[in-house]
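**Q** Chains as they are written, first to last, in our numbering: chain X, 12 to 202; chain S, 12 to 202; chain Y, 12 to 202; chain E, 12 to 202. Sharing a structure, written as structure tokens. Questions coming.
Protein chains: 4
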Amino acid sequence: MAPSRREQTKAQNRETILAAARQVFAQMGFATATVRDIIRATPLASGTFYNYFKSKEEVYQALRDEVALAVRPRLREARGNAHTAEEFFAGSFRVFFQFVAEGGDGTASSPERFRMDSPEVLEGFAELRQDVQAAMAKGLLPSSDPALLSAALTGVAFELADRVKAGAAVEETTGFAVALFLGGIAALPKI
Amino acid sequence: MAPSRREQTKAQNRETILAAARQVFAQMGFATATVRDIIRATPLASGTFYNYFKSKEEVYQALRDEVALAVRPRLREARGNAHTAEEFFAGSFRVFFQFVAEGGDGTASSPERFRMDSPEVLEGFAELRQDVQAAMAKGLLPSSDPALLSAALTGVAFELADRVKAGAAVEETTGFAVALFLGGIAALPKI
Amino acid sequence: MAPSRREQTKAQNRETILAAARQVFAQMGFATATVRDIIRATPLASGTFYNYFKSKEEVYQALRDEVALAVRPRLREARGNAHTAEEFFAGSFRVFFQFVAEGGDGTASSPERFRMDSPEVLEGFAELRQDVQAAMAKGLLPSSDPALLSAALTGVAFELADRVKAGAAVEETTGFAVALFLGGIAALPKI
Amino acid sequence: MAPSRREQTKAQNRETILAAARQVFAQMGFATATVRDIIRATPLASGTFYNYFKSKEEVYQALRDEVALAVRPRLREARGNAHTAEEFFAGSFRVFFQFVAEGGDGTASSPERFRMDSPEVLEGFAELRQDVQAAMAKGLLPSSDPALLSAALTGVAFELADRVKAGAAVEETTGFAVALFLGGIAALPKI
DNA sequence: TATGAATGAGGCTTCATTCAT
DNA sequence: AATGAATGAAGCCTCATTCAT
């Protein structure tokens, strides 16, 4: 049975609000943005917002869930399928850069990065670190401090992602990051 | 708590406010912190705040200026004095990690990173890129994309700085970062 | 909870809403209660409320009408049938206390008294005063200020009704009130 | 030292708000009245309200405190000084009726009675009952159910107070109430 | 008629900023 | 300058009521 007209409108409104929120958060940052800002970016009435979300936090959470759901599985898969160090790095960076190139993170022109302390993002970091450790255990990567290596990977990923958002080509940026880490890990202090 | 009002000269009030703001912003983040919070951490009255700063934004700006003024010259100097690639990287990372280890960035336990879009910080990035380009020109570093390399350096620096704030040793973290980049640049695509 | 929607006829919806309103007003008081609270205590939808009542005020009014309709005739009858002062007082108080003991006023555990300014309640007061005057004219009660006497009767009735709600026995409370007024009227200033 | 101009204004503002609240509560009742209503009855800005009171409840509390402080001690004194039943009743009713005649209860034309459940009012009831019990113990009043007698006194007092507000003379109303209770207590069931 | 989402006025409160002292 | 109360715009949210289905 097809969804009724009412249900469609309802689903559309949710999307309308999420889209507005994505835009507003990207432009003003989460802390600065207000629920009113989100509503104003919408043809809806103020009360309608609260039919869908209890608070600004809740929309934000929904957005983060969306992003996390969209990208984390793809990253895990790319790393899980890697048989060489090169595949390990290339898979991760390529997926991530493609994702932001498509605007999937919704932060197109944002002065803000993701909040690093949301459960979803933290979980993504933990996954990265686990995968790094597993790769070291398998001999895919030389043994070194996995916490520092994941941090470095993260830092480079986010920072180069900005270059990608600014127009850098995904493949070249990926190539750069992969080369940097392939060369780098050989030289890292062993443990 | 700031020293008693009695012993304050006018000039000291500015410092009192800045110190309070530094602490308050570090604890609550810029958007959440209120001018009242800052004043409350001060023996001064609310009106007095506006004798020294036009707005909350302005104190924040002043703090960022302070930080930038404190660290940027030291970074430039470290890089300027480098005669080898290792010195170039080591100098930069060590200075930066020491700075955050000392709490110089005022964000000790903050949920917030620096805003990356402030003129001072952007200027710091531009300096890094210039220095990278100069180092490439001098043959200190192999020629590759200086924008990407500076971005990668920045990303690693900020991300490892979090580890340092979390207690990682400055020297070891520096060693890790230096090894990573020394190894990495050799492998980077030439241009 | 009201009976399932299926078994409702249109005419029953009105009763369903009134019953829910009675309960909700008794629990939360008129001002605190919301239409949503009333609807929630019902299997109906919010819009349906407005098919039966124009506003929250209107349900309240309907409830007061109901109460007035339920108790006022019984009070009039009790007083009309009185052949002695004792019957006059006893009839009135007993009926009233029985009524509240049965929860007929719908304010079982309410922090609120009736609003004394509703037309129905005011009309009830007027009736009392007429009956008092008639009783004085008939020689059933000694002549004194009928306005003050009705006010005193009203005050005692409402206040002792609270004791009844709190568990006092109807007969004993009635006995107390009757004795008080029987003794009292003999001593009242004549007019 | 005389209060500074600033302090005077401050004290005046508090009074302004209290006066407005008194008026607004009297006109609309506590539950219906909003903080905005109070502010609108004032030349002050909305924020100013919150410099003086944390909430509507708090102003209301302040008003009740005022009333309770004004009348309860006078009532206790009147009853405490009584050497006869007549003095006991006369003192109480006269003080109370004078108080409302002067508008001291701030409810001039209110559709609302005092909230009977505020700590101050409840305490006032408890005092009445204690005094009634003490008077019975001293033989000033015949022994009967003190709870019912205090309730009856309360009911008559409030109800006749309405007549006083409506213009009835204090002395005559007092006379009426005193006669009613003097006559009544003689007839009450003994315990 | 019943439904329940949409509406938007309006409630409460905070806070950056001004201004009289 | 320093003070701190006053200001009022603006934030968040609730709720009576309407209206498309």
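Ideal Cβ placement from N, Cα and C applies to all residues, glycine included.
Counting only beta-carbon separations shorter than 8 Å, does E170/S have a partner in chain X?
**A** Taking the first residue of the second sequence as 1, we reach residue 170/S at position 159. True, the Cβ-Cβ gap to chain X drops below 8 Å.
**Q** In whole angstroms, give me the CA-to-CA distance for F169/X and T20/X.
**A** Taking the first sequence and counting its residues from 1, the one referred to as residue 169/X is at position 158. Taking the first sequence and counting its residues from 1, the one referred to as residue 20/X is at position 9. Rounded to the nearest angstrom, the two C-alpha atoms are 36 Å apart.
**Q** Which same chain residues, not among the five before or five after R174/X, have their C-beta less than 8 Å away from its C-beta?
**A** Taking the first sequence and counting its residues from 1, the one referred to as residue 174/X is at position 163. Correct list, in chain order: T184.
**Q** Measuring alpha carbon to alpha carbon, tell me which of F100/S, Q34/S, R85/S, A44/S ends up nearest G195/S.
**A** By one-based count along the second sequence, residue 195/S stands at place 184. Minimum Cα distance to G195/S is reached at F100/S.
**Q** Is F108/E close to chain Y? Criterion is C-beta to C-beta, closer than 8 Å.
**A** As a working mapping, residue 108/E is identified with position 97 in the fourth sequence. Answer no: the Cβ-Cβ gap between F108/E and chain Y never drops below 8 Å.
**Q** Check whether the Cβ atoms of L193/Y and E98/Y sit closer than 8 Å, and answer yes or no.
**A** On the third sequence, position 182 is the one that residue 193/Y refers to. On the third sequence, position 87 is the one that residue 98/Y refers to. Cβ distance not < 8 Å, so L193/Y and E98/Y don't count as in contact.
**Q** Is it buried or exposed, Q23/X, if we count other Cβ atoms within 10 angstroms and call 16 or more buried?
**A** Residue mapping note: residue 23/X aligns to position 12 of the first sequence, counting from 1. It counts as exposed.
**Q** How far does the alpha helix (DSSP H) with I28/S in it extend, from its first residue to its last?
**A** Sequence index remark: in the second sequence, residue 28/S carries index 17 (1-based). I28/S -> alpha helix (DSSP H) spans 21–39.
**Q** Quick check on this structure: which residue in L159/Y, Y63/Y, V35/Y has the alpha carbon closest to the alpha carbon of F136/Y?
**A** The sequence position of residue 136/Y within the third sequence is 125, counting from 1. It is L159/Y whose Cα lies nearest to the Cα of F136/Y.
**Q** State yes or no: is the beta carbon of A178/X nearer than 8 Å to at least one beta carbon in chain S?
**A** The residue given as residue 178/X occupies position 167 in the first sequence. Going by the sequence as given, residue 178/X is Gly instead of Ala. Output row for G178/X: interface = no.
**Q** For the alpha helix (DSSP H) that contains D142/Y, what are its first and last residues?
**A** On the third sequence, residue 142/Y is found 131 positions in, with the first residue counted as 1. From DSSP, the alpha helix (DSSP H) with D142/Y extends over 130–148.
**Q** How long is the line joining the alpha carbons of F41/Y and E77/Y, rounded to whole angstroms?
**A** Indexing the third sequence from 1 puts residue 41/Y at position 30. Indexing the third sequence from 1 puts residue 77/Y at position 66. Distance between the alpha carbons of F41/Y and E77/Y: 16 Å.
**Q** Restricting to runs no shorter than 3 residues, where is the beta strand (DSSP E) found entirely within the segment 34–94 of chain X?
**A** Whole beta strand (DSSP E) segments, 3+ residues: zero.
**Q** Quick one: does the C-beta of S57/E sit closer than 7 Å to a heavy atom of the ligand ZN?
**A** The ligand content of the structure shown is nil, which means the ligand ZN is not present either.
**Q** DSSP state of A179/S, grouped into three classes?
**A** Indexing the second sequence from 1 puts residue 179/S at position 168. If DSSP states are grouped into helix, strand and coil, A179/S belongs with coil.
**Q** Taking just the CA atoms, how far does D48/E sit from Y63/E?
**A** Stepping through the fourth sequence from its first residue, residue 63/E is reached at position 52. Stepping through the fourth sequence from its first residue, residue 48/E is reached at position 37. When rounded, the distance between both Cα atoms is 16 Å.
**Q** With 8 Å as the threshold, decide whether the Cβ of A198/S is near any Cβ in chain X.
**A** Working through the second sequence from its first residue, we reach residue 198/S at position 187. Yes, A198/S counts as interfacial toward chain X.
**Q** In chain S, what lies closer than 7 Å to D142/X by C-beta?
**A** Translated into positions along the first sequence, residue 142/X becomes position 131. In chain order: nothing, as chain S lies at least about 17 Å away.
**Q** For E113/E, does the three-state DSSP call read helix, strand or coil?
**A** Counting from one through the fourth sequence, the residue named residue 113/E turns up at place 102. Here E113/E sits in coil by DSSP.
**Q** Kindly indicate which three-state DSSP category P157/E falls into: helix, strand or coil?
**A** Numbered from 1 along the fourth sequence, position 146 holds the residue referred to as residue 157/E. Three-state DSSP puts P157/E in a helix.
**Q** Is the beta carbon of A162/Y sitting closer than 8 Å to the one on L171/E?
**A** Taking the first residue of the third sequence as 1, we reach residue 162/Y at position 151. Taking the first residue of the fourth sequence as 1, we reach residue 171/E at position 160. Yes, the Cβ-Cβ distance between A162/Y and L171/E is below 8 Å.
**Q** Measuring alpha carbon to alpha carbon, tell me which of L164/S, H94/S, P130/S, Q109/S ends up nearest A148/S.
**A** As a working note, residue 148/S is residue 137 in the second sequence. Of the candidates L164/S, H94/S, P130/S, Q109/S, the one whose C-alpha sits nearest the C-alpha of A148/S is H94/S.
**Q** Alpha carbons only, please: which of F107/E, I28/E, A188/E is nearest the one belonging to K65/E?
**A** Along the fourth sequence, read from residue 1 onward, the residue named residue 65/E stands at position 54. Answer by Cα proximity: I28/E.
**Q** CA-CA distance, V189/Y and F104/Y?
**A** Your numbering for residue 189/Y matches position 178 in the third sequence. Your numbering for residue 104/Y matches position 93 in the third sequence. The alpha-carbon atoms of V189/Y and F104/Y are separated by roughly 8 Å.
**Q** CB A112/S to CB V181/S, shorter than 8 Å?
**A** The sequence position of residue 112/S within the second sequence is 101, counting from 1. The sequence position of residue 181/S within the second sequence is 170, counting from 1. Result yes, Cβ atoms of A112/S and V181/S sit closer than 8 Å.
**Q** With distances taken between CB atoms, is the gap from V106/E to R85/E smaller than 8 Å?
**A** For the purposes of this step, residue 106/E is taken as the residue at position 95 of the fourth sequence. For the purposes of this step, residue 85/E is taken as the residue at position 74 of the fourth sequence. Yes, the pair counts as a contact, with Cβ atoms nearer than the cut-off.
**Q** Of the choices A37/Y, Q38/Y, A32/Y, T165/Y, whose alpha-carbon is the least far from that of V46/Y?
**A** The residue you call residue 46/Y lines up with position 35 of the third sequence. Cα-wise, what sits closest to V46/Y is A32/Y.
**Q** Can the beta-carbon of L164/E be found closer than 8 Å to that of F187/Y?
**A** Sequence index remark: in the fourth sequence, residue 164/E carries index 153 (1-based). Sequence index remark: in the third sequence, residue 187/Y carries index 176 (1-based). Cβ distance not < 8 Å, so L164/E and F187/Y don't count as in contact.
**Q** Which chain X residues are close to L55/S, counting only those with a beta carbon under 8 Å from its beta carbon?
**A** In the second sequence, counting from the first residue as 1, residue 55/S sits at position 44. The contacting residues do not exist; L55/S stays about 26 Å from chain X at best.
**Q** For A30/S and A89/S, what's the separation of their Cα atoms in angstroms?
**A** Taking the first residue of the second sequence as position 1, residue 30/S is located at position 19. Taking the first residue of the second sequence as position 1, residue 89/S is located at position 78. Distance between the alpha carbons of A30/S and A89/S: 28 Å.
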